[in-house]
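Numbering (this note's numbering), first residue to last: 1 to 482. Before any comments, here is the structure.
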Amino acid sequence: MSINNFSKVVIVAKDEWRYWLRSKLAMSVLAIGLLLTLSSVIVTAITMHELSHTRHELQTTAEQRFVDQPDRHPHRMVHYGHYAFRTPSALSTLDPGIDAYTGNSIFLEGHRQNSTMFADQRQGTALTKLGSLTPAFIVQTLAPLLLILIGYSSISRERESQTLTYLLAQGTAGSTLIAGKGLALLSVVGLIITPLAVSAFFTLASGESIVAVASFVMGYALYLMVWVLVILLASCVFSKNSGSFTALAFAWILLCIVMPRVASTSASTAVPSAGKIETDFEVKAELRKQGDGHNSNDPAFKQFKQSLLKKYNVQSMEELPVNLRGLLASESEAKQAQVLNKFAEQRMQAELEQTQVSRWFGWLSPMVAIRTLSMTVVGTSIETHHRFLRETEQLRYDFVQGLNKIHTEELDYKDDMNRNASADASNKARVSAENWKLLNNFSFTVDSATVRAKRSMPAFLQLILWILVLVGGIKFVGKRLI
1 MSINNFSKVV
11 IVAKDEWRYW
21 LRSKLAMSVL
31 AIGLLLTLSS
41 VIVTAITMHE
51 LSHTRHELQT
61 TAEQRFVDQP
71 DRHPHRMVHY
81 GHYAFRTPSA
91 LSTLDPGIDA
101 YTGNSIFLEG
111 HRQNSTMFAD
121 QRQGTALTKL
131 GSLTPAFIVQ
141 TLAPLLLILI
151 GYSSISRERE
161 SQTLTYLLAQ
171 GTAGSTLIAG
181 KGLALLSVVG
191 LIITPLAVSA
201 FFTLASGESI
211 VAVASFVMGY
221 ALYLMVWVLV
231 ILLASCVFSK
241 NSGSFTALAF
251 AWILLCIVMP
261 RVASTSASTA
271 VPSAGKIETD
281 FEVKAELRKQ
291 GDGHNSNDPA
301 FKQFKQSLLK
311 KYNVQSMEEL
321 PVNLRGLLAS
331 ESEAKQAQVL
341 NKFAEQRMQA
351 ELEQTQVSRW
361 FGWLSPMVAI
371 RTLSMTVVGT
381 SIETHHRFLR
391 ETEQLRYDFV
401 QGLNKIHTEE
411 LDYKDDMNRN
421 ASADASNKAR
431 VSAENWKLLN
441 NFSFTVDSAT
451 VRAKRSMPAF
461 LQLILWILVL
471 VGGIKFVGKR
481 LI
């Protein structure tokens, strides 16, 4: 584009802004958009900062309370359990992602894998289930609607007021007119996205990577650019403002409201998964086959006990230099963990496959594409949640087996067997509280910015394809402007 043509584009954009400044509707919509974005950024940032501080304090408190327990039987501590908390990522102040639905903490104990707890959507009132006014929600859902209200008449207004022919007759090319109107709308996009971008760059001070921040801002810029092109295309196609507005309203409902629901429904239909009750019954059936680690006479451990006698070259369990009950607990926990991990991996694989199916709808809806891109770059996607579950399971297994080791090495077998005989016997079947200092400090962090950026590439490609297709459509229609 030559300098002369670019100056004409700027003149058209300035004229569009003069029209908006005289329009109460345009100014009201723009003010509402800026206010909503700015306020949601501030409120969500404060909320996530408090959550981060609270979860960090709770994690420290949980670890301290575990260590501060008095002398106990080691297996009592296995069931006393421990908590692990997931602190939010820096960019989650802008897009909490699936964290609001999956929960942010988990109770770790022996013999079982618990679900995450304290999800905001489960704890909130019925009204909060409609969706929170997060910055991501504002820009993904409401910003396109605000752009439609401002720009639906960009081209159709000129045609309806019969000034389009006059402009073309004066030597203003159709492409120049469309480019000028698009530049004006892009400047509105810049105003809407500025609070989001500034907040994103503030997360650099919290340790976020510039790669993640740049990817996040660029993704939303591409998304809103898609809607600018949709608006221009509709305004070029329809000769009346009413037709343009109706078409754009329908497009917004279809792409922002209907298609995300269609995506999730299609995913659950294409990749069915077993319900919780059904899965629980299957898990319990498998665990029963592994034997009861609390019962030293369980037939499932007969071969294990014989191998112990052979290993230590003794004739009876009482002669073992270690506590049989602790060894049985450790062996049982290892077998149970294999079963639990097998079902957990099956569930996570089904969830991941469902997510992948729903993400394919990004080729049909830019809303699905930006939602995927945003959660992936921020670190609040299903992949990050699954890694949290795996890391907390490893934490659970390590601390339970650590206690089983203490049970094996620090507690005499006879004292353990007779612990319910009397109060004195119960006291003998305890170990020092010094043994509880076996917890590793748990601090969950999201994947590296490079990994997150790589995962978001398909969503970037989806948005870029939308832009290319719409630009092609606008060029085709623009040649026929009359």
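Cβ atoms here follow ideal geometry from the backbone N, Cα and C, with glycine treated the same way.
Straight-line Cα distance separating SER92 from LEU127 | As a first step, residue 127 must be located in the sequence shown, where it is residue number 127. As a first step, residue 92 must be located in the sequence shown, where it is residue number 92. Here the model assigns LEU127 a pLDDT of 42, short of 50, so the residue's position is not dependable, and the following value carries that caveat. Using only the alpha carbons, I get a separation of about 22 Å.
What do you reckon, are the CB atoms on VAL368 and SER456 nearer than 8 Å?
-> Sequence index remark: in the sequence shown, residue 368 carries index 368 (1-based). Sequence index remark: in the sequence shown, residue 456 carries index 456 (1-based). Their beta carbons are not under 8 Å apart, which means VAL368 does not touch SER456 by this criterion.
In angstroms, rounded to a whole number, what distance separates the CA positions of LEU34 and ASN440?
-> Taking the first residue of the sequence shown as position 1, residue 34 is located at position 34. Taking the first residue of the sequence shown as position 1, residue 440 is located at position 440. So the alpha carbons of these two residues sit roughly 45 Å apart.
In the DSSP assignment, find the unbroken beta strand (DSSP E) run with PHE343 in it and report its ends.
-> Within the sequence shown, residue 343 is the residue found at index 343, counting from 1. Counting along the chain, PHE343 falls outside any beta strand (DSSP E), though it belongs to the alpha helix (DSSP H) covering 324 to 359.
DSSP three-state assignment for ARG112, whether helix, strand or coil | In the sequence shown, the residue the question calls residue 112 occupies position 112. Correct three-state label for ARG112: strand.
From what residue to what residue does the beta strand (DSSP E) around TYR83 run?
-> Within the sequence shown, numbered from 1, the residue matching residue 83 stands at position 83. Note, TYR83: beta strand (DSSP E), 82 to 85.
Ignore the nearest five residues each way along the sequence and tell me which others in ASP99's own chain have a CB closer than 7 Å to its CB.
-> Counting from one through the sequence shown, the residue named residue 99 turns up at place 99. Here the set comprises PRO88, SER92, THR380.
Rounded distance between the beta-carbons of SER365 and MET225, thought under 8 Å | To locate residue 225, count along the sequence shown from 1; it is residue 225. To locate residue 365, count along the sequence shown from 1; it is residue 365. That pair is no contact at about 15 Å.
Are there three or more Cβ pairs, one per stretch, closer than 8 Å when the stretch 416 to 429 is compared with the stretch 332 to 339?
-> no
Length of the line joining the Cα atoms of ILE231 and LEU149 = Numbered from its first residue, the sequence shown carries residue 231 at position 231. Numbered from its first residue, the sequence shown carries residue 149 at position 149. Looking at the two C-alpha atoms, the distance is approximately 10 Å.
Among residues of its own chain, excluding the 5 on either side of TYR397, which ones have a beta-carbon nearer than 6 Å to its beta-carbon?
-> Position 397 of the sequence shown, counted from the first residue, corresponds to residue 397. If we look at TYR397 and ignore the five residues flanking it on each side, its Cβ neighbours are ALA337.
What's the C-alpha gap between ALA45 and SER39?
-> Position 45 of the sequence shown, counted from the start, is the residue given in the question as residue 45. Position 39 of the sequence shown, counted from the start, is the residue given in the question as residue 39. Each residue's alpha carbon lies about 10 Å from the other.
Please confirm whether any heavy atom of the ligand NAD lies closer than 7 Å to the CB of ALA429.
-> Here there are no bound small molecules, and the ligand NAD is not part of this structure.
Indicate the three-state DSSP secondary structure (helix, strand or coil) for ILE155 in the structure shown.
-> By one-based count along the sequence shown, residue 155 stands at place 155. It is coil, neither helix nor strand.
How about HIS111 and GLU333: are their beta carbons less than 8 Å apart?
-> Here residue 111 refers to the residue found at position 111 of the sequence shown. Here residue 333 refers to the residue found at position 333 of the sequence shown. Their beta carbons are under 8 Å apart, which means HIS111 touches GLU333 by this criterion.
Taking all protein chains shown into account, do 16 or more other C-beta atoms lie within 10 angstroms of the C-beta of MET27, making it buried, or fewer, making it exposed?
-> As a position in the sequence shown, residue 27 is number 27, starting the count at 1. With fewer than 16 Cβ atoms within 10 Å of its Cβ, MET27 is classed as exposed.
With a Cβ-Cβ cutoff of 8 Å, do ALA263 and SER358 count as a contact?
-> Taking the first residue of the sequence shown as 1, we reach residue 263 at position 263. Taking the first residue of the sequence shown as 1, we reach residue 358 at position 358. It is a contact, given that the beta carbons lie within the stated cut-off.
Is ALA62 buried or exposed, if buried means 16 or more other CB atoms sit within 10 Å of its CB?
-> By 1-based counting over the sequence shown, the position of residue 62 is 62. It is buried - the Cβ of ALA62 has at least 16 other Cβ atoms within 10 Å.
Got a sec, what are the start and stop residues for the alpha helix (DSSP H) PHE497 sits in?
-> In the structure displayed, the chain extends from 1 to 482; residue 497 sits before or after that span and is not available.
May I ask you to report which of helix, strand or coil DSSP gives VAL314?
-> Position 314 of the sequence shown, counting from 1, holds the residue named residue 314. Looking at VAL314 - three-state DSSP - the assignment turns out to be coil, as it is neither helix nor strand.
Can you tell me where the alpha helix (DSSP H) with ASN441 in it begins and where it stops?
-> By 1-based counting over the sequence shown, the position of residue 441 is 441. Where ASN441 is concerned, there is no enclosing alpha helix (DSSP H), given that its DSSP letter is neither H nor E.
Quick one: using the 10 Å Cβ neighbour count with 16 as the cut-off for buried, is LYS181 buried or exposed?
-> Mapped onto the sequence shown, residue 181 falls at position 181. With 16 or more other Cβ atoms within 10 Å, it is buried.
Check whether the Cβ atoms of LEU147 and VAL198 lie closer than 8 Å to each other.
-> Here the question's residue 147 lines up with position 147 in the sequence shown. Here the question's residue 198 lines up with position 198 in the sequence shown. Not in contact: LEU147 and VAL198 (Cβ atoms no closer than 8 Å).
Using 10 angstroms around the beta-carbon of THR165, count the other beta-carbons present and answer buried if the total reaches 16, otherwise exposed.
-> Translated into positions along the sequence shown, residue 165 becomes position 165. Exposed.
Mapping DSSP to helix, strand and coil, what is SER105?
-> As a position in the sequence shown, residue 105 is number 105, starting the count at 1. It is a strand residue.
Euclidean distance between Cα positions of LYS414 and MET77 | Looking up residue 414 in the sequence shown gives position 414. Looking up residue 77 in the sequence shown gives position 77. Using only the alpha carbons, I get a separation of about 20 Å.
For the putative contact between ASN241 and GLU160, defined by C-beta atoms under 8 Å, what is the C-beta separation to the nearest angstrom?
-> Reading the sequence shown from its first residue, position 241 is the one you call residue 241. Reading the sequence shown from its first residue, position 160 is the one you call residue 160. Right, their Cβ atoms sit about 6 Å apart.
Buried/exposed call for SER7, threshold 16 Cβ in 10 Å | Translated into positions along the sequence shown, residue 7 becomes position 7. By the neighbour-count rule (16 or more Cβ atoms within 10 Å), SER7 is not buried but exposed.
Among LEU233, ARG65, THR172, GLN59, the one whose alpha carbon lies nearest that of VAL469 = Here residue 469 refers to the residue found at position 469 when the sequence shown is read from its first residue. The candidate whose alpha carbon is nearest that of VAL469 is LEU233.
Three-state class that DSSP yields for VAL271 in the structure shown = Mapped onto the sequence shown, residue 271 falls at position 271. Residue state, collapsed to three classes: coil.
Three-state secondary structure (DSSP) at VAL431?
-> One-based indexing of the sequence shown puts residue 431 at position 431. In the structure shown, VAL431 sits in a strand (DSSP, three-state: E or B).
Sequence-distant residues of its chain with Cβ nearer than 7 Å to THR176 (five each side left out) = On the sequence shown, position 176 is the one that residue 176 refers to. The residues are ASN5, LYS8, VAL9, VAL12.
Can you name the residues that DSSP bridges to VAL117?
-> Translated into positions along the sequence shown, residue 117 becomes position 117. Residue 117 is actually Met in this sequence, not Val. Partner(s): SER105.
Taking DSSP as the reference, what is the three-state secondary structure of ARG480?
-> Taking the first residue of the sequence shown as position 1, residue 480 is located at position 480. ARG480 falls in the coil class under three-state DSSP.
Of all the alpha helix (DSSP H) runs that stay within the bounds of the stretch 371 to 425, which reach a length of 4 or more residues?
-> 382 to 410, 413 to 417
If you draw a straight line from the alpha carbon of GLU483 to that of PHE388, how long is it in whole angstroms?
-> Outside the shown range of the chain (1 to 482) lies residue 483, about which nothing can therefore be said.
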